[in-house]
Ligand code: PLP
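Residue numbers (our numbering): 263 to 706.
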């Protein structure tokens, strides 16, 4: 049934109900003024008054296949009519098909999937598996990282969200590579890679290698700034882990399923992790889901030993049907190839051109449909712009019909993987206009 309420009245009711009853993530509730989205198709969303916006946030960087993909919507509806829920202990055809479709894109020697409700509990369970498999406790992860908002996942997180939540034990942090804001005084990617590896090796040695269960890394750091690892870094981490019997967990929650122009971001390297965590792009968030892909060696640990973890909705049939349909459509429609091509031919060059013409853009980095502009008030000193500037930029972008993704002093450019050349060109023109306004406001 379609809601009879439309237009401005629907928008007003949405905001009134939201402000009265909805408690939002990561926010002081008092000053919130959320943007009300009524619908979406492809790379666009619209509000209740029919104003359309290019969704260059992909919501929370998850709508890889775009909004309203008919095959995914139909698969969910069909599964709902057949069997809308099933206990995790039973076998279900949609679940088996989803797991098979996922491992088909994973490295050889990884043939099992444990399904969760999202990315945080994927990391939570990967950490649990690593601890049980190795009989060790500690987990090393990077300061510039986000791994989710549950017990171990939030303490594995490096950014500010960890600090009020440090209730889990056994977590140690280190600095990963980030050449533009190097912790290591490096001036080339090779130097940054080598020095970041030396730092990590020193942390491992100082912590006691035999106490470390896993190193947990985002293959490409997402919310922390779209940090593509420099050449040799992930290979070096793998070698360090192997030397000490430490497992490598790659968090592909944001980077996986097309975002970097490959099925997994690890495909850009020769690195084979022991565990991969995923969520978001696997079904573009049409139904909440995540999971862990296990290497056969880790999976074997639990052949005769109970795995002490589970969820009522592990492998929920609506999520499973949506995964099967989403991955099938992504293959048929060349969605991952499109993301790669857009990055190389349109988005990468277009953003480099913006950086050349706008003093506020200190750095451009990324690949596929996964990019960030690092905005600075002083290019020499690389001084991050403050929240007031970011607020102004958001207002200018929204006024021109683009829904942006902003994090700290950065504009993340993260459209759906199905974005077209024309949509990217429209977005680049909007970024250009908005940055011109902000540049002028900042020029004394
Ligand atoms: N890992 C990464 C890299 C993420 O970007 C996120 C969410 O943004 C998570 C884990 C947590 O996923 P979820 O919000 O589905 O729990």
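Using N, Cα and C, we set each Cβ at its ideal position, and we do this for glycine too. This structure is a prediction, so every number in the text was calculated from the model and none was measured.
Comparing the CB of residue i with every heavy atom of the ligand PLP, is any distance shorter than 6 Å?
i           : result
residue 461 : no
residue 309 : no
residue 642 : no
residue 696 : no
residue 382 : yes
residue 209 : Residue 209 lies beyond the stretch modelled for the chain, which goes from 263 to 706, so this question has no answer here.
residue 543 : no
residue 421 : no
residue 470 : no
residue 701 : no
residue 615 : no
residue 658 : no
residue 386 : no
residue 480 : yes
residue 484 : yes
residue 513 : yes
Helix, strand or coil, according to DSSP, for residue i in the structure here?
i           : result
residue 538 : strand
residue 511 : strand
residue 636 : strand
residue 709 : The shown model of the chain, from 263 to 706, leaves out residue 709, and the question about it has no answer.
residue 320 : helix
residue 702 : helix
residue 604 : helix
residue 555 : strand
residue 595 : coil
residue 278 : helix
residue 474 : strand
residue 425 : helix
residue 358 : helix
residue 677 : coil
residue 528 : helix
residue 580 : helix
residue 409 : coil
residue 363 : helix
residue 330 : coil
residue 627 : strand
residue 713 : Lying outside 263 to 706, the shown extent of the chain, residue 713 is not represented and no answer is given.
residue 500 : helix
residue 235 : The requested residue 235 does not occur in the structure, where the chain is confined to residues 263 to 706.
residue 533 : coil
residue 658 : helix
residue 310 : coil
residue 398 : coil
residue 573 : coil
Sorry if obvious, but does the Cβ on residue i come closer than 6 Å to a heavy atom of the ligand SAH?
i           : result
residue 410 : Absence of the ligand SAH is noted for the structure shown, with the ligand PLP being the only ligands found.
Between the C-alpha atoms of residue i and residue j, what's the straight-line distance to the nearest angstrom?
i           : j           : result
residue 692 : residue 622 : 16 Å
residue 285 : residue 547 : 20 Å
residue 531 : residue 305 : 29 Å
residue 263 : residue 272 : Legend: pLDDT at residue 263 = 46, less than 50; position of this residue unreliable, value from coordinates given subsequently. Taking the straight line joining both Cα atoms gives about 15 Å.
residue 582 : residue 513 : 20 Å
residue 697 : residue 635 : 11 Å
residue 428 : residue 300 : 37 Å
residue 443 : residue 344 : 53 Å
residue 559 : residue 576 : 22 Å
residue 440 : residue 486 : 10 Å
residue 625 : residue 669 : 14 Å
residue 542 : residue 497 : 25 Å
residue 671 : residue 682 : 27 Å
residue 268 : residue 677 : 27 Å
residue 458 : residue 631 : 26 Å
residue 509 : residue 600 : 33 Å
residue 660 : residue 466 : 46 Å
residue 318 : residue 614 : 17 Å
Against chain D, with Cβ distances strictly below 7 Å, would residue i count as a contact?
i           : result
residue 372 : No chain D appears in this structure, which consists of one protein chain only.
Practice problem: State whether the region 402-420 contacts the region 587-601, with contact taken as three or more CB pairs (one from each stretch) at a distance under 8 Å. | Solution: no
Quiz item: Pairing CB atoms from the region 438-454 with CB atoms from the region 380-391, are three or more of them under 8 Å?
Solution: no
Exercise. Check whether the region 321-338 touches the region 508-523, taking contact to mean three or more Cβ pairs, one atom from each stretch, closer than 8 Å.
Key: yes
Quiz prompt | Inter-stretch contact at 8 Å, needing at least 3 Cβ pairs: the region 472-483 / the region 356-364 | solution = no
Quiz item: Pairing CB atoms from the region 562-569 with CB atoms from the region 637-652, are three or more of them under 8 Å?
Solution: no
Quiz item: Between the region 408-424 and the region 376-384, do at least 3 Cβ pairs fall closer than 8 Å?
Solution: yes
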